[in-house]
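Under the UniProt record's numbering, the final residue of the sequence shown carries the number 384; numbering is consecutive throughout.
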Amino acid sequence: MRTSELFDLLRDGRPRTRAELARTAGVARSSVAAHIDALTRLGYVAPVGDAASTGGRPASLFALNPAARLVVGVDVGATHVLVELADLAGAPLGDARADLDVAEGPEAVLGWIVDAVQRLVAEHGREPREVVALGIGLPGPVEHATGMPISPPIMPGWHRFDVAGHLRERLGCPVLVDNDVNIMALGEQRTAWPETDDFVLVKVATGIGAGIISGGRLQRGAQGTAGDLGHVRVPGSSAPCRCGNEGCLEAVAAGPAIAAALREQGLEVEGTGDVVALARLGSVEAARALRQAGRDLGEVLAMLVNLVNPSVIVIGGRLAGAGEDLLAGISEVVYRRSLPLATEHLRIAASTTQADAAVRGAVALAIEHALSPEVLDAETRAMA
1 MRTSELFDLL RDGRPRTRAE LARTAGVARS SVAAHIDALT RLGYVAPVGD AASTGGRPAS
61 LFALNPAARL VVGVDVGATH VLVELADLAG APLGDARADL DVAEGPEAVL GWIVDAVQRL
121 VAEHGREPRE VVALGIGLPG PVEHATGMPI SPPIMPGWHR FDVAGHLRER LGCPVLVDND
181 VNIMALGEQR TAWPETDDFV LVKVATGIGA GIISGGRLQR GAQGTAGDLG HVRVPGSSAP
241 CRCGNEGCLE AVAAGPAIAA ALREQGLEVE GTGDVVALAR LGSVEAARAL RQAGRDLGEV
301 LAMLVNLVNP SVIVIGGRLA GAGEDLLAGI SEVVYRRSLP LATEHLRIAA STTQADAAVR
361 GAVALAIEHA LSPEVLDAET RAMA
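Right, here's the structure in full:
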């Protein structure tokens, strides 16, 4: 048995005695004692009192020590950056926010992030070396193997920029990079649906994308483009898309497409924000347009339901805050077009975390790395 395997039993934070751990793991108490000693010396586990005595000396209880290390989550949006410092249980310790346009380029945005992380660590009286991982989400396609943005449409100057290397060199910790929809899915699932292993989050805003969790694991595909729903063709549509193709979902159901449809009806609508504002004011035209966008989304999501069979689909992004019409349109088509068995227990719901989903997911990404078996076992060997 490896030290990381024993530690995995303590990840839930529930205190246990050595005897309990030995029974659960099916190994000798002497082996458990050795692993507990190693984890205690590393700081990942700490004694938290004694169990109730049944006669004789009470046994010591051990649990995860969340304060042992620090992690950082970063959400980079089109016009904002959010940095959060957290402990190993994911509890937020502090954050920093800025209105910063991603189009200003990687040097400016990542420079602000480095300064914010260093400031937060100092404010909490901790040392930079205590930050053991940083997770970051970017608003564009990310090549998973390298963590580099690839031809991101709203990120001039970021193409193949070594985001992970740039931050690692300045902060001295491993850096995990993913696209914003994937980390939103991770954050929403961990925060609001922790018991759900088959989960899809669909972000509907200026673009459309999905983060897919199957069997409890985030599915990125071969290069990291899994979930790019925005460029799946909607049956019967020939609307031109910015990608050069016709009939893409994004071209008929994203914020700019809905805004354009409303302008054709004579309404003064510039973009996604105006669509949301009109819907909240009770505009009949906006309600109809959102319902139709939901139906178009439903056509594509019905295919996804049949292929992936999630138990929960969460709708996030800016348009999710426009009311029930978008969700109603999605549900109308998904339940009609998907297989009955696939929809028997399917739930379609609006995001409950919204603005915090991405940074929560980035923190989760960092913790997964920091507490991974490879990292823990390597630290144990180095200590020995």
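All residues carry an ideal CB built from backbone N, CA and C; glycine is no exception. Note that this is a predicted model, so its numbers are computed, not measured.
#1: Since residue 117 and residue 142 are thought to touch, with beta carbons under 8 Å apart, how far apart are those beta carbons, to the nearest angstrom?
#2: Smallest Cα separation from residue 312: which of 350, 291, 241, 322?
#3: Quick one: measure Cβ to Cβ for residue 232 and residue 296, integer angstroms, because I've assumed they're closer than 8 Å.
#4: Between the stretch 373 to 380 and the stretch 339 to 356, do at least 3 Cβ pairs fall closer than 8 Å?
#5: Residue 307 and residue 210 - do their beta-carbons sit closer together than 9 Å?
#6: Rounded to whole angstroms, what's the CA-CA distance from residue 61 to residue 168? Just pull it up for me.
#7: What do you reckon, are the CB atoms on residue 310 and residue 131 nearer than 9 Å?
#8: Where does residue 325 fall in DSSP's three states?
#9: Would you report the Cα separation of residue 217 and residue 264, rounded to the nearest angstrom?
#10: Counting only runs of 4+ residues fully inside the stretch 136 to 215, write out the alpha helix (DSSP H) ranges in chain order.
#11: For the alpha helix (DSSP H) that residue 103 lies in, which residues bound it at each end?
#12: May I ask you to report which of helix, strand or coil DSSP gives residue 290?
#13: Between residue 373 and residue 11, what straight-line distance do the alpha-carbon atoms span, to the nearest angstrom?
#14: List in chain order: all unbroken alpha helix (DSSP H) runs of 4+ residues lying wholly within the stretch 214 to 283.
#15: The beta strand (DSSP E) that contains residue 92, what's its start and end?
#16: Can you tell me which residues form a DSSP beta bridge with residue 84?
#17: Quick check: the Cα distance between residue 120 and residue 298, rounded to an integer number of angstroms?
#18: For residue 360, which three-state DSSP category applies?
#19: Considering Cα atoms alone, identify which of 324, 163, 371 is closest to residue 71.
#20: Thinking residue 183 and residue 361 are a contact (beta carbons under 8 Å), I'd like their distance in whole angstroms, please.
#21: What did DSSP end up calling residue 338 once you bin it into helix, strand or coil?
#22: Which one of 365, 369, 383 has the shortest CA to CA distance from residue 450?
#23: Look at the Cβ atom of residue 85, then the Cβ atom of residue 94, and state whether they are nearer than 9 Å.
#24: Who are the near neighbours of residue 157 in its chain, counting only those whose CB is closer than 7 Å to its CB and skipping five residues on each side?
#25: Consult DSSP for residue 121 and reduce its assignment to one of helix, strand or coil.
#26: For the candidate residues 28, 38, 33, whose alpha-carbon lies nearest to that of residue 383?
According to the structure shown:
#1: Incorrect: roughly 20 Å between the Cβ atoms, too far for contact.
#2: Of the candidates 350, 291, 241, 322, the one whose C-alpha sits nearest the C-alpha of residue 312 is 350.
#3: With a Cβ gap of about 10 Å, residue 232 and residue 296 do not count as contacting.
#4: With a cut-off of 8 Å on Cβ pairs, the stretch 373 to 380 is not in contact with the stretch 339 to 356, counting fewer than three such pairs.
#5: No.
#6: Rounded to the nearest angstrom, the two C-alpha atoms are 37 Å apart.
#7: For residue 310 and residue 131, no; Cβs fall outside 9 Å.
#8: Shown here, residue 325 sits in a helix according to DSSP, grouped into three states.
#9: Answer to the nearest angstrom: the Cα atoms are 43 Å apart.
#10: Within the stretch 136 to 215, the complete alpha helix (DSSP H) runs of at least 4 residues are 163 to 171, 180 to 192.
#11: For residue 103, there is no enclosing alpha helix (DSSP H), as DSSP marks it with neither H nor E.
#12: Three-state DSSP puts residue 290 in a helix.
#13: Each residue's Cα considered, the two are about 12 Å apart.
#14: Taking only runs of at least 4 residues, the alpha helix (DSSP H) segments lying wholly in the stretch 214 to 283 are 249 to 253, 255 to 264, 272 to 280.
#15: The continuous beta strand (DSSP E) containing residue 92 extends over residues 92 to 98.
#16: Paired residue(s): 73, 95.
#17: Whole-angstrom Cα-Cα distance: 43 Å.
#18: Annotated three-state conformation of residue 360 is helix, per DSSP.
#19: Looking only at 324, 163, 371, the smallest Cα-Cα distance to residue 71 is reached by 371.
#20: Right, the Cβ-Cβ distance comes to about 3 Å (below 8 Å), so this counts as a contact.
#21: When secondary structure is reduced to three states using DSSP, residue 338 falls in the coil class, being assigned neither helix nor strand.
#22: The question about residue 450 has no answer, for the chain in this structure spans 1 to 384.
#23: The answer is yes: Cβ separation under 9 Å.
#24: These residues qualify, in order along the chain: 105, 106.
#25: Secondary structure of residue 121 (DSSP, three-state): helix.
#26: Considering only alpha carbons, the answer is 38.
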